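J.: Just dropping this structure here.
Okay, structure coming up:
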């Protein structure tokens, strides 16, 4: 699991970054960059992470993060970074 | 580095605007499966399919999950079966046995369609071509996942009018054989002119003899994305802004296809062939080429100006797409199927869109008269006439054209037919009641057109 983009979208609430980062730390996933914005009470966050040291398969991390999101009323998606690089860079 | 706005834009396309990769299609040559024994040919075909395609669905799903983009269909296209069965099929029933073998393999592999139950008869039919064509009604009635196509002409060879006449009858017969299911057999049967060898889209996909042993072709989609961008940034703008916007959007969509194609090719160990950069609508609300035409400025598709708007759209999609991939092929352009596009269905129901206008539209886009339900009592000669008209447009304009009409048994103009899934539902459309029987009854070929004096 190399460079991955994690997006978190949903209603702003206390502890979103804390909960997501705690999961990532527990699984050996290193955060390279975080950017976020809150528009109209809606929270949008993107994390660029490096999962080279993570021993779980990509699918499992994706599913667990999605579940974590559902539990706190957010949508968390985990995608390999190439889709964004290909689409937005010539 | 990628920024938040770009990431959100991509995910909005996927989650809200129906961006998807419509199909990963594995093209497979079956020429090395040919044997003089029908049973051995069937065994060889099954064995090769299972060997090459066993991981196709799994790999497609994996790629979809990792990049977070839906890959809707995983499909297989094969060498035209009239060639594969030529040495061992003596009667139409023999070809039907091959058809059932393919259908069983498709079920086992979990692909939703398998294409290549085809004959390429641009200039003339071999005995095997004719046997395969005559087996189509039975093959379509007794299989679920198999798609049939017949190429009846090309710019270089002219039109084989004997094949056109025969296809008029075969379409009718296929409708009759599947009358209990709203003649759905015809939704899996297409008649083409200038058919490409590398088309990943059904029902016209086959793996041409110019291709290698195996190849990955990918069809992208995204009418919803184009529509959304035009709605939010192009209202009242000049043609320059409009064209630039469509072009940029087509680039982005196609790049996703290119990424998926390269990944699939690498993981399956099969060379990458082409990206087909088509705008392929689905019955889902918002995923409509008709809606794009409305956004460009038409009250309904079919209004004056429709052909020009579609020509513009088609051209800009290609211009943006070719920048995104070095290998573009297949049908590449805007599709205008009726039953698979809610906006087209609405236009027909509003009385704005007729078969004649659709025919004009096919002169400037891919591919042809597609998924159009017509009355069940339409004579075979009129269907052959429709096929001949479309094929003539393709032949003269050096483009691919196709006809996929469904003469729905027992239905008349004004009725609606439900095909389900991606095939959607369709209002039965009026066909000109005037006869072309004497024209179609003539035998032989229409010669290839002259390539000079273009007027």
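Residue numbers (my numbering), protein chains in the order written: chain A, 1 to 90; chain B, 1001 to 1455.
Beta carbons are placed, not taken as given, at the ideal position from N, Cα and C, and that holds for glycine.
Remember, it's a predicted structure, so these values are computed and weren't measured experimentally.
Classify residue 1337 of chain B as helix, strand or coil using the three-state DSSP reduction.
T.: Note: residue 1337 of chain B maps to coil in three-state DSSP.
J.: Which chain B residues are close to residue 80 of chain A, counting only those with a beta carbon under 7 angstroms from its beta carbon?
T.: Simply 1066 and 1067.
J.: Determine which residues share a DSSP beta bridge with residue 1211 of chain B and list them.
T.: DSSP, once it has assigned bridges, lists no residue as partnering residue 1211 of chain B.
J.: Report the option in B:1263, B:1030 and B:1337 whose CA atom is closest to the CA atom of residue 1289 of chain B.
T.: Here the closest residue by C-alpha is B:1337.
J.: By the DSSP assignment, the beta strand (DSSP E) with residue 1458 of chain B in it spans what residues?
T.: Missing from the structure shown is residue 1458 of chain B; chain B here goes from 1001 to 1455 and no further.
J.: Report the partner residues of residue 79 of chain A according to the DSSP bridge assignment.
T.: Note: residue 79 of chain A sits in a beta bridge opposite A:5.
J.: Is the Cβ-Cβ distance between residue 72 of chain A and residue 5 of chain A less than 9 angstroms?
T.: Not closer than 9 angstroms, so no.
J.: Name the chain C residues that come within less than 8 angstroms of residue 7 of chain A, Cβ to Cβ?
T.: Any reference to chain C falls outside this structure, whose protein chains are A and B.
J.: Compare the C-beta of residue 1181 of chain B against all C-beta atoms of chain A and say whether one is closer than 9 angstroms.
T.: No, its Cβ sits nowhere closer than 9 angstroms to a Cβ of chain A.
J.: Using a Cβ cut-off of 8 angstroms, pull out every chain A residue sitting near residue 1256 of chain B, in sequence order please.
T.: Result: 83, 86 and 87.
J.: Identify the residues that DSSP records as bridge partners of residue 1418 of chain B: which are they?
T.: Its beta-bridge partners are B:1425.
J.: Give the secondary structure of residue 1450 of chain B by DSSP, where H, G and I count as helix, E and B as strand, and everything else as coil.
T.: Coil, per DSSP.
J.: Residue 1369 of chain B and residue 1403 of chain B - do their beta-carbons sit closer together than 9 angstroms?
T.: Yes. Within cutoff.
J.: Can the beta-carbon of residue 1185 of chain B be found closer than 9 angstroms to that of residue 1383 of chain B?
T.: The answer is no: Cβ separation not under 9 angstroms.
J.: By the criterion of Cβ-Cβ separation under 9 angstroms, what are the contact partners of residue 1459 of chain B in chain A?
T.: Summary: the structure shown does not reach residue 1459 of chain B, with chain B confined to residues 1001 through 1455, and so no result is reported for it.
J.: Within 9 angstroms of any Cβ in chain A, is that where the Cβ of residue 1399 of chain B sits?
T.: Not an interface residue.
J.: Does any residue of chain A have a CB that is nearer than 9 angstroms to the CB of residue 1003 of chain B?
T.: Yes, residue 1003 of chain B counts as interfacial toward chain A.
J.: Let me know the alpha helix (DSSP H) ranges lying completely inside the region 1123-1175 of chain B, each 4 residues or longer, listed in chain order.
T.: Entirely contained in the region 1123-1175 of chain B, the alpha helix (DSSP H) runs reaching 4 residues are, in chain order, 1127-1142.
J.: Out of B:1151, B:1178, B:1174 and B:1444, point me to the one whose CA is closest to residue 1195 of chain B's CA.
T.: Checked all of B:1151, B:1178, B:1174 and B:1444; the closest Cα to residue 1195 of chain B is B:1151.
J.: In whole angstroms, give me the CA-to-CA distance for residue 1388 of chain B and residue 1312 of chain B.
T.: Between residue 1388 of chain B and residue 1312 of chain B, the C-alpha separation is close to 26 angstroms.
J.: Which residues does DSSP list as the beta-bridge partners of residue 1239 of chain B?
T.: Answer is none; residue 1239 of chain B lacks a bridge partner.
J.: Could you tell me whether the Cβ of residue 12 of chain A comes closer than 9 angstroms to any Cβ of chain B?
T.: No, residue 12 of chain A lies away from the interface with chain B (no Cβ there is under 9 angstroms from its Cβ).
J.: Does the CB of residue 55 of chain A have a neighbour CB from chain B at under 9 angstroms?
T.: Answer no: the Cβ-Cβ gap between residue 55 of chain A and chain B never drops below 9 angstroms.
J.: Please report how far the alpha carbon of residue 23 of chain A lies from the alpha carbon of residue 30 of chain A, in whole angstroms.
T.: Whole-angstrom Cα-Cα distance: 11 angstroms.
J.: Identify which residue in B:1148, B:1074 and B:1183 has its Cα closest to the Cα of residue 1062 of chain B.
T.: Comparing Cα-Cα distances from residue 1062 of chain B to each of B:1148, B:1074 and B:1183, the minimum goes to B:1074.
J.: Quick check on the burial criterion: 16 or more other C-beta atoms within 10 angstroms. Buried or exposed for residue 1450 of chain B?
T.: Classification of residue 1450 of chain B: exposed, given that the 10 Å Cβ count is below 16.
J.: Can you tell me which residues form a DSSP beta bridge with residue 1272 of chain B?
T.: DSSP output for residue 1272 of chain B lists B:1216 as bridge partner(s).
J.: Please name the residue in B:1125, B:1142 and B:1176 whose C-alpha comes closest to that of residue 1157 of chain B.
T.: Here the closest residue by C-alpha is B:1125.
J.: Anything in chain A within Cβ reach of residue 1252 of chain B, meaning under 7 angstroms, just list it in chain order.
T.: Within chain A, the residues near residue 1252 of chain B are 87.
J.: Given a cut-off of 9 angstroms on the beta-carbon distance, is the pair residue 77 of chain A and residue 1011 of chain B in contact?
T.: It is a contact, given that the beta carbons lie within the stated cut-off.
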